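S.K.: Going by my numbering, the sequence shown opens with residue 1, and the numbers climb by one from there.
All residues carry an ideal CB built from backbone N, CA and C; glycine is no exception.
Just so it is clear, the structure is predicted and the values come from calculations on it, not from any experiment.
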Amino acid sequence: MSYVFIKACRGEEVPYTPIWLMRQAGRYMEEYREVRSRYDFMTLCKTPELAAKVSLQPVKALDVDAAIVFSDILVVIEAMGCEIDFPQQGGPVINNPIRSKWAVEGLKTPNIEDALDYVLKTIRILKNELESRLPVIGFSGAPFTLATYMIEGGASKNFVHTKSMMYNDPLLFSSIMGKLTKMISLYLEAQIDAGVHAVQLFDTWAGVLSPCDYEEYALPYVKEIVNSLKEKDTPIIYFVNGCCGLLKQIKEVGADVISIDWKIKLSDAIEAVGYDRVFQGNLDPCLL
């Protein structure tokens, strides 16, 4: 099946610009709010029938060009042993932050088919429901972003614990990143095998790094993941929130598609990266 979205990801000529939203299923939809009022967030994520239903809601309502699996980036670190709460107010909380050698040694690399089977089942249900009408996008958090949640114990404004470990105990930080890299590679490979047509790596917090720090503490690991998936011949999208100052470094990741925000001219992004990559985004969400 020749999907416009996948052709665009590959840099091929397309009849129009395909559209999808990164927060495609969410509180802006009445149908989502109705389901959410009956189930907590992780129950939605871990019940394949519900996750597939929510994934399909915006597909039916918005006539988008791809469906993205309803899940959360933190399911990876939960499978590795992090204890996570999603309170009604505020962001997720990791009750056992990973800040010591012993905590890192205790991190698991479980079998994906066992630990994250509910995500793979959701993908298979989506594929069946869509009947080849639209492609399915899988995703994972990238190593640096997941490491920040592990180390900080949740979201952060200044990432002081993460940066302290980076600078003061780089071997410990590298150990965390190595374990995450292996887990994420296996997870995305399993999603591709389950049937997704493209995958996105969310590196939400990598934008807090200087270019030099990004090159040392984030780039090698996400590049390793991308290289590990190349033989799958599945388009890879890479997203960094606030990436404008890192575009030259992000080019080295090797992803097929690079997400950019609205704070940079598309022509400037092309100048930084070149014509051999595809760009996604460049739209102020307020316009929506």
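Could you have a look at A155 and say whether DSSP puts it in helix, strand or coil?
M.R.: coil
S.K.: Alpha carbon to alpha carbon, how far is S185 from S228?
M.R.: 7 Å
S.K.: Taking only runs that begin and end inside the segment 178–216, name each unbroken beta strand (DSSP E) of 3 or more residues, in chain order.
M.R.: 198–202
S.K.: Please report the straight-line C-alpha distance between K230 and V76, rounded to a whole angstrom.
M.R.: 21 Å
S.K.: Would you call the segment 108–116 in contact with the segment 86–98, where contact means no fewer than 3 C-beta pairs closer than 8 Å?
M.R.: no
S.K.: Which word fits K43, buried or exposed, when buried means at least 16 other C-beta atoms lie within 10 angstroms of its C-beta?
M.R.: The question names Lys, but residue 43 in the sequence shown is Thr. So T43 counts as exposed.
S.K.: Which two residues bound the contiguous alpha helix (DSSP H) that contains V222?
M.R.: L219 to L229 is the span of the alpha helix (DSSP H), which, as asked, contains V222.
S.K.: For Q304 versus Y214, is the C-beta spacing smaller than 8 Å?
M.R.: Any answer about residue 304 is impossible in this case: the structure gives the chain only from 1 up to 288.
S.K.: By Cβ distance below 6 Å, which residues in the same chain neighbour V119 in space, the five residues on each side in sequence not counted?
M.R.: Contacts found: S71.
S.K.: Would you mind reading off the limits of the alpha helix (DSSP H) that contains F70?
M.R.: That residue, F70, is in no alpha helix (DSSP H); it is neither H nor E in DSSP.
S.K.: Three-state secondary structure (DSSP) at Q280?
M.R.: DSSP places Q280 in strand when its eight states are reduced to three.
S.K.: Going by Cα to Cα distance, which pick from C82, Q24 and G281 is closest to A52?
M.R.: Q24
S.K.: Under the assumption that V289 contacts V35 (Cβ atoms under 8 Å), give the Cβ distance between them as a whole number of angstroms.
M.R.: In the structure as shown, the chain begins at 1 and stops at 288. Residue 289 is therefore absent and cannot be evaluated.
S.K.: With 16 as the cutoff for other CB atoms within 10 Å, does W262 come out buried or exposed?
M.R.: exposed
S.K.: Taking R27 as the reference, which of F41, V196, W205 and S210 has the closest Cα?
M.R.: F41
S.K.: Mapping DSSP to helix, strand and coil, what is G141?
M.R.: Reduced to three states, the DSSP call for G141 is strand.
S.K.: Would you decide whether I236 is buried or exposed? Buried here means 16 or more other CB atoms lie within 10 Å of its CB.
M.R.: buried
S.K.: For the alpha helix (DSSP H) that contains V14, what are its first and last residues?
M.R.: Taken as a continuous stretch (DSSP letters only), V14 belongs to no alpha helix (DSSP H), as it is neither H nor E.
S.K.: What does the Cβ neighbour count give for Q88, buried or exposed, with the cut at 16 atoms within 10 Å?
M.R.: exposed
S.K.: What residue range does the beta strand (DSSP E) around F239 cover?
M.R.: I236 to F239
S.K.: Check the C-beta distance from D203 over to A142 and give it rounded, since I have them as a contact under 8 Å.
M.R.: 4 Å
S.K.: List the residues that DSSP assigns as beta-bridge partners of S259.
M.R.: Q280
S.K.: Could you give the DSSP three-state label for I123: helix, strand or coil?
M.R.: helix
S.K.: For C9 versus A269, is the C-beta distance shorter than 8 Å?
M.R.: Going by C-beta atoms, C9 is not nearer than 8 Å to A269.
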